[in-house]
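Residue numbering for the sequence shown is 11 to 413, as defined by this note's numbering. Even for Gly, the Cβ is constructed at its ideal location relative to N, Cα and C. Reading through the C-alpha cells given below for one structure.
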Amino acid sequence: MATQPNQRQGGFSLVELMVSVVIGLLALLFATRLVISGEANKDAAVGGSDSMQNGMLAMFSLSGDAATAGWGLNDRTVAGCNTVFSDQRGYALLGAKRDGVDITPLASVVIQSNGTAPDVISFNSGNSNAGVGSIMMTADYGGESFVVGAQRSPYGYNNGDVLVVAPQAPDRPCTVMQMAGFNPATGRDAEMLLNSGAQYRYNPAASMAQAYLKNVTFMYNLGRPDLLHFHTWSVNNGVLLLRATDLAGAEQAGISVADNIVSIKAQYGFDNRALPNWDPNPAGNGTQMVVTSTGMQTTVWSPTMMDADNDGVNGGPGDYQRISAVRIAVVARSKTVEKPARDGTCSATTVLPTVFGNSVPTGVAAVPMQVNVAVGGDPLSWKCYRYRVFETIVPILNSQYRP
C-alpha cells in the first residue's frame, strides 16, 4: 500500500508567533518612548511660556507703578518725610531706617532689601490735578477737628481729599489727614474739617495727633481717597502679592497678582554728586531760562538707603529726594518640574540666578545680587525648575519736577 506524503498545516508556528510578539512589543516600546518624549517637550515648552507670561505680568505691574511714583510727593518738604499714617482698612506704610532709627517715610519709592530673599517694594503717588499744590496753615494745630488754611475754599480742595500736613522743621513728622469739606459757619470758611467715621478712613486717632505751628506748616493735597496710589509689593511662597490703598480688600493682607514668581529685587538709583547748590531743576531769571544744572543723573546703584546728599544722615529727606531711578528684577519659575535623574537629583538649574549684573548707565558700577529661588513649603529642590529673569530700569521722573 502506497504511503501518503505529509501535508503542511496552515497558520503560524510557535517560533513565528514569538517573533511577532517581540516585534510588536519593541514597536510599542518605541511608540511609548516617543509619546513620553513629546509630552515632556510639550510640558517644558508650556512651562517656559507660563514663566514668560507670569514674569512679564509681574514686571509690567511693578514698572507701571514706578513710572507714576512720586506724583504729589516731590516737594522738598514732603519727599522722605517721616510720616504719621493711619488707615482704618489696615494699610500701613513700608518702614525704613534713618541713621538706625525706625521711620515710615513718605517717598516715591521705598525698598526693604532682604539680601538673597525677595525684597518688599513700595511705590507711592497721589492723584490730585494740582500736583504738588499747597496752602499754608494760618492757625496753630493741636489736635482740633479742623485745620485752618490761608485761603477760603482753595482751588482743587474737595470733600474727602487726602492731605499731607508737612512742617518746614525737619525734626517734626508729617501727618496724612482727610478733609471733610469747609466749615459752613460764618467767618470760619477757611477751616478744613477733619471728620471721623469710615468715610474719612485716613484721619488719625486723637492719640496720634501732632502739634503744628502756623506759617511754617503747609498742607499738600494728594487727591481723592479712592485713587490714592500707595502700593506695596512682596513675594510669599512663589506668589506675587500687592497691598494697596485703592483696591478694596487688598489694604492689609494683599491680593495675589501672579503665581510662580519666586523673587522680586530692587535697587535705588541715586544722584549723589557733591555739587554746590545741587538742584535738578533749571532756574529762570524772570525773562529767560538759565540752566544751572544738568538735571538728575544716576551715579550709583544701591539696594539700601545711603547718604546720597552727603549731609551726614543716612536716610534723611534729602536722600529720598536724590532718587533718580529704580532698578527692578523679577524672577519667574516654570510650572513644570523637570524629571530628576535615577538617583533623585535634579539638574534643570544648577546655579542660583544673579540679577543686576550689567553696568548701566555707562560708567555706573553694577551691584550684582544673587537670588535665592527656593519656595517655602515646596518638597522639591529648586534645582528641579527652570527660571526666567526680567530686569528693567525706570526713571523716577516726578523727582525731577519740583515746585
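query, result
"Cβ-based burial, S30 [other Cβ within 10 Å; buried from 16]", "exposed"
"Best match in A221, D181 and V336 for proximity to F73 [C-alpha to C-alpha]", "Going by the sequence as given, residue 73 is Ser instead of Phe. The shortest C-alpha separation from S73 is found at V336."
"Inter-residue Cα distance where the pair is V94 and D281", "27 Å"
"Beta-carbon spacing of A376, N368 below 8 Å", "yes"
"Other residues of its chain near S123: CB distance less than 6 Å, five sequence neighbours each side excluded", "D129, P313 and T314"
"Pick from S334, F228 and A276 that is closest to L145, judged by C-alpha positions", "One detail in the question is off: residue 145 reads as Ile in this sequence, not Leu. Closest by alpha carbon: F228."
"Spatial distance of G82 from F192 (CA atoms)", "22 Å"
"Coarse secondary structure for V142, derived from DSSP in three states", "coil"
"Alpha carbon of L204 to alpha carbon of G170, nearest angstrom", "9 Å"
"Separation of Y330 from G90, as counted between CA atoms", "5 Å"
"Residue nearest to G159 in terms of C-alpha spacing, selected from A149, G166, N168 and G153", "A149"
"Straight-line gap, C394 to S61 (C-alpha atoms, nearest Å)", "14 Å"
"Helix, strand or coil at G326 according to DSSP, with G and I counted as helix", "coil"
"Range covered by the beta strand (DSSP E) that runs through S135", "V130 to S135"
"Cut-off 8 Å between Cβ atoms - residues of its own chain near T364, not counting five sequence neighbours on either side", "P378, M379, Q380 and V381"
"Three-pair Cβ contact test at 8 Å for the segment 105–117 versus the segment 252–259", "no"
"T297, buried or exposed, once every other Cβ within 10 Å from all chains shown has been counted against 16", "Because T297 carries a pLDDT of 41, less than 50, the predicted location of this residue cannot be relied on, and the following value inherits that uncertainty. Under this definition T297 is an exposed residue."
"Segment limits, beta strand (DSSP E) that includes S273", "I271 to F280"
"Exposed unless 16 or more other CB atoms sit within 10 angstroms - verdict on E154", "exposed"
"Exposed unless 16 or more other CB atoms sit within 10 angstroms - verdict on T302", "In this prediction, T302 has a pLDDT of 48, which is less than 50 and means its spatial position is unreliable; what the coordinates show is noted afterwards. With fewer than 16 other Cβ atoms within 10 Å, it is exposed."
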